[in-house]
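Report on the following structure.
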Amino acid sequence: MKMTVHATERENCQNDGPQTFFFTVIDTPSISCPSLSCPLGKNIRNVTWYKTLKFSSVTSENRLSLKIINNMIHFSKILVPDAGIYICDYALYMHGKEWIMRETLQIFVDVPDTRKPPNISGPSNGTELEVELEKPYNLTCEVFFGYERSFNPVIKWTILHPEVKERSALIGGRELCLHTTNRLKGYDCTLTMPLKSVTTSDLRAMFQCSAQNSVGNVTSTVKLSRKEIDIVFRRNVLCVSVVLLLIMLLGAGTAYLYWVEIVLLYRHYLSKDETIGDGKEFDAFISYATQTSEFSEEEIIESYYDNYEDEQFATQLLPSILEDNYNYKLCIFERDILPGGAYVEDIAKIIKRSRRAIFILSQRYITGPRLFELQAAITWSLEEQENLKLILIKLKPFKEPETIPHIVKKALRALPTVSWKGDINSKSAHTSKFWKRIRYYMPVKKNR
Numbered sequence: 001m002k003m004t005v006h007a008t009e010r011e012n013c014q015n016d017g018p019q020t021f022f023f024t025v026i027d028t029p030s031i032s033c034p035s036l037s038c039p040l041g042k043n044i045r046n047v048t049w050y051k052t053l054k055f056s057s058v059t060s061e062n063r064l065s066l067k068i069i070n071n072m073i074h075f076s077k078i079l080v081p082d083a084g085i086y087i088c089d090y091a092l093y094m095h096g097k098e099w100i101m102r103e104t105l106q107i108f109v110d111v112p113d114t115r116k117p118p119n120i121s122g123p124s125n126g127t128e129l130e131v132e133l134e135k136p137y138n139l140t141c142e143v144f145f146g147y148e149r150s151f152n153p154v155i156k157w158t159i160l161h162p163e164v165k166e167r168s169a170l171i172g173g174r175e176l177c178l179h180t181t182n183r184l185k186g187y188d189c190t191l192t193m194p195l196k197s198v199t200t201s202d203l204r205a206m207f208q209c210s211a212q213n214s215v216g217n218v219t220s221t222v223k224l225s226r227k228e229i230d231i232v233f234r235r236n237v238l239c240v241s242v243v244l245l246l247i248m249l250l251g252a253g254t255a256y257l258y259w260v261e262i263v264l265l266y267r268h269y270l271s272k273d274e275t276i277g278d279g280k281e282f283d284a285f286i287s288y289a290t291q292t293s294e295f296s297e298e299e300i301i302e303s304y305y306d307n308y309e310d311e312q313f314a315t316q317l318l319p320s321i322l323e324d325n326y327n328y329k330l331c332i333f334e335r336d337i338l339p340g341g342a343y344v345e346d347i348a349k350i351i352k353r354s355r356r357a358i359f360i361l362s363q364r365y366i367t368g369p370r371l372f373e374l375q376a377a378i379t380w381s382l383e384e385q386e387n388l389k390l391i392l393i394k395l396k397p398f399k400e401p402e403t404i405p406h407i408v409k410k411a412l413r414a415l416p417t418v419s420w421k422g423d424i425n426s427k428s429a430h431t432s433k434f435w436k437r438i439r440y441y442m443p444v445k446k447n448r
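Heads up, the sequence shown is in the numbering used here, so the first residue is 1 and it goes up one at a time.
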């Protein structure tokens, strides 16, 4: 008798309608009426099982390998004759009435036939494995065994040494066999033999993995060889090293060529003003050759143009660049010191009140009386240990006289010297390399 059941009464059913099952001879399945898993399963009574081959009832008496417990058939070991269509009859009590219901299940039983010799999937026979001496290494043998009802595999590692025979039977590692994804196909087994430290003796030995089952036996022999650094790897390392070296040399060369510009850029954005709170009045004292009465009238006329160039550079060009463009305060003796004082004392006071001393060198300066100012500045910076730095500007080539003081001669070789090669009448090149070097030696001072 057919009956319509509301949809809500069949929700949470595991299955609905005729069911088909596939088992193998190694399975121990259980089957039940599909409706038993539904909410209406609590209303089912008097379940009876039939098999359609003879349409005979299924009981534990006619099959010792199965049992019916709680209306479910439990197979302790399913066999090929168990295949077929199973009918589940039951009484369903609902709405005060009894309904006789029937459901069908179909079972297929498969007998696998995968018995065959084992297959060593790795390492392949004759393989040469690269190893590092005095380093641990694991020899791994991977074997595939076909399906067998009585599965008793044998795997072992053997060391065949031509010199040390007592090691020929050495076996190490552990056996591990797992089912494949489909266990009817067989088993994957792995045997690992650990070598604590590879020796030169191991390089002369042969390592053999053997696997055996009820069908047959297979072996795979491998040899160890010393691992050499890969040529491509060494070439890549060499190329990378050369590239890095070239980059470093290029960077060092660039820094050397543009060191002054790099320092000036750093000062402009990051350095603090050195002139704040140091108690000094002038950023630099300027010393240069001037006309004096110590020269004869003929000598004065002869050197007029040379002296004029020294004076023009010191009193016009230097201030126009350093004072007007970079806010430095210069001390020019004839311009900034009131006349009437003692010359030696005035020079000493100016040097003490200055952060730098700039000397415009020429033949007239080296042989003239203003060389005293250079000597005084050198002596002051050495004896008083003051933070006074001297800057030499070589305005024109000169020859050192033999009478020059020894301390001045040493200073001319040790102090930073900047050679002038420009045009005194030009002010447009204040950003040239010469003026950048002068600023490099001058104190850090922010433009305001």
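Every residue, glycine too, gets a C-beta built ideally from N, C-alpha and C. What you are looking at is a predicted structure, and each value in this text was computed from that prediction instead of being measured.
Can you tell me whether residue i is helix, strand or coil according to DSSP?
i: Ser214; result: coil
i: Cys88; result: strand
i: Ile276; result: coil
i: Asp462; result: This structure gives no information on residue 462, because the portion of the chain shown stretches from 1 to 448.
i: Thr158; result: strand
i: Ser76; result: coil
i: Tyr288; result: coil
i: Asn71; result: coil
i: Lys445; result: coil
i: Asp423; result: coil
i: Ser35; result: helix
i: Ala169; result: Reliability of the predicted coordinates at Ala169 is poor, the pLDDT of 39 falling under 50, and no value is obtained from them.
i: Ile458; result: Nothing in the structure corresponds to residue 458, since the chain is present only between 1 and 448.
i: Tyr365; result: helix
i: Arg267; result: helix
i: Thr52; result: coil
i: Ile351; result: helix
i: Asp27; result: coil
i: Asn46; result: strand
i: Gly20; result: Checking the sequence shown, residue 20 turns out to be Thr, not Gly. Thr20 falls in the strand class under three-state DSSP.
i: Ser320; result: helix
i: Ala342; result: coil
Mind checking whether residue i and residue j have CB atoms under 8 Å apart?
i: Tyr440; j: Val260; result: yes
i: Lys135; j: Val198; result: yes
i: Ile120; j: Ala205; result: no
i: Val444; j: Ser287; result: no
i: Leu361; j: Leu395; result: yes
i: Pro162; j: Phe145; result: no
i: Phe23; j: Val109; result: yes
i: Ile78; j: Tyr50; result: no
i: Val25; j: Val80; result: yes
i: Val344; j: Gln375; result: no
i: Asp273; j: Arg355; result: no
i: Gln106; j: Thr20; result: yes
i: Leu342; j: Ala357; result: Here residue 342 turns out to be Ala, not Leu, going by the sequence shown. No, the pair does not count as a contact, with Cβ atoms beyond the cut-off.
i: Lys436; j: Leu264; result: yes
i: Leu317; j: Leu330; result: no
i: Pro401; j: Thr367; result: yes
i: Asn71; j: Cys33; result: yes
Under 8 Å Cβ to Cβ from residue i, same chain only, skipping five residues before and after it: list those, please.
i: Ser432; result: Gly422
i: Asp346; result: Phe333 and Ile337
i: Leu160; result: Ser168, Ala205, Met206, Phe207, Gln208 and Thr221
Within the same chain, show all residues whose beta-carbon is closer than 6 Å to that of residue i, passing over the 5 residues directly before and after it, in chain order.
i: Pro18; result: Thr104
i: Glu142; result: Ser121, Gly122 and Thr190
i: Thr219; result: Gln208 and Ser210
i: Pro405; result: Gln375
i: Ser381; result: Leu388
i: Val58; result: Trp49 and Lys51
Which same chain residues, not among the five before or five after residue i, have their C-beta less than 7 Å away from its C-beta?
i: Glu148; result: Arg115, Asn213 and Ser214
i: Arg335; result: Thr315
i: Glu130; result: Ser225 and Lys227
i: Lys196; result: Pro136
i: Ile262; result: Ala255
i: Thr52; result: Gly84, Ile85 and Ile87
i: Ile424; result: Glu309, Gln312, Phe313 and Leu317
i: Asn125; result: Ser220 and Thr221
i: Asp82; result: Phe75, Ile107 and Val109
Are the segment 374–393 and the segment 413–421 touching, with three or more C-beta to C-beta distances below 8 Å? yes
How about the segment 35–49 and the segment 86–93: do they share at least three Cβ pairs that are nearer than 8 Å? yes
Scan the segment 187–253 and note each continuous alpha helix (DSSP H) run of 4 residues or more that stays entirely inside, going in chain order. 200–203
With a floor of 3 residues, list each beta strand (DSSP E) that falls wholly inside the segment 96–153, ordered by position along the chain. 97–110, 119–122, 127–131 and 137–146
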